[in-house]
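Here the structure is laid out as structure tokens; the discussion comes afterwards.
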Amino acid sequence: MAQPVIIAVPKGRILEEALPLLASVGILPEAAFSDESSRALSFATNQPGISLIRVRAFDVATFVAHGAAQLGIVGSDVLMEFDYSELYAPVDLGIGRCRLSIAEPVDLASRDDPRSWSHVRVATKYPNLTRKHFEARGVQAECVKLNGAMELAPKLGLSSRIVDLVSSGKTLKENGLVEVEVITEVSARLIVNRAAFKTRAAEVAPLVDGFRRAAGGKHAA
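Under full-length UniProt numbering, think of the first position of the sequence shown as 1, with each following residue one higher.
Structure, rendered in structure tokens:
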């Protein structure tokens, strides 16, 4: 029996927006997928040849890059951070829109000029992307890797600034921080394992076309 095509989807905000897209492509997960008390990570769908795995957003790219899943849905921020050569990102799904920004305490921002930076200490979940951004500006960045609670770093003296995803800006405001620079706009992409795109084209290509139609025909930039 042929192995199912596995689609990796991220937990959290993007998943809520991705479910209608999956439905548009004709993929409906089994009931357990919506059971908040379930600890299952792998799920069947109404399509016998397609299953879903639900993992952390950063892990979606890793599962697909290494061929454990053939397709995935993940933010462009994750793709930029890992820059896996094994991944092909053919469709901008137009969901999960936000931005990756540099933020600092309000009192620092009131007397700070980003153009004068030569060395910065930054707390972030995106050390590679952050370093590249600052290097392009000739700024040396010392990155402190955190996986969450980024907003606490300046308050507790871990770093003077943070680089994190921003949507409404409410979390920054509530923690006394303000956006001072946008690094990149972010949206979710459909990603495909390059090898699977060739070896399982008959199964994978129609799914890519289906997601492209569901997303309004947008190709990834």
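Backbone N, C-alpha and C fix where the C-beta goes; we use that ideal spot for every residue, glycine too. Since the structure is predicted, the reported quantities are computational estimates derived from the model, not experimental observations.
Check: Straight-line Cα distance separating V122 from D77; Outcome: 17 Å
Check: Proximity below 7 Å, CB of A65 to CB of Y84; Outcome: yes
Check: Reference P114; option with closest CA among R56, S160, L71; Outcome: S160
Check: Straight-line gap, A31 to P154 (C-alpha atoms, nearest Å); Outcome: 43 Å
Check: From S51, L79, N46, K198, residue whose alpha carbon lies closest to that of Q3; Outcome: S51
Check: C-beta contact flag for A18 and I53 at 7 Å; Outcome: no
Check: Backbone secondary structure at R161 - three-state DSSP; Outcome: strand
Check: Option in G75, S24, P90 with minimal Cα separation from R194; Outcome: P90
Check: D107, buried or exposed, once every other Cβ within 10 Å from all chains shown has been counted against 16; Outcome: exposed
Check: Nearest candidate by alpha-carbon position, reference Q47, set R213, E203, K173, R137; Outcome: E203
Check: E151 - DSSP class collapsed to helix/strand/coil; Outcome: coil
Check: CB of T130 within 7 Å of CB of V163, strictly; Outcome: yes
Check: Any chain B beta carbon closer than 7 Å to V120; Outcome: In the structure shown, chain B cannot be found, because there is only a single protein chain.
Check: Whole-angstrom distance between S110 and F211, CA atom to CA atom; Outcome: 45 Å
Check: Under the three-state DSSP convention, the category E86 falls into; Outcome: coil
Check: Assigned secondary structure, A44 (DSSP; H/G/I helix, E/B strand, else coil); Outcome: strand
Check: I7 vs L93 beta-carbon contact at 7 Å; Outcome: no
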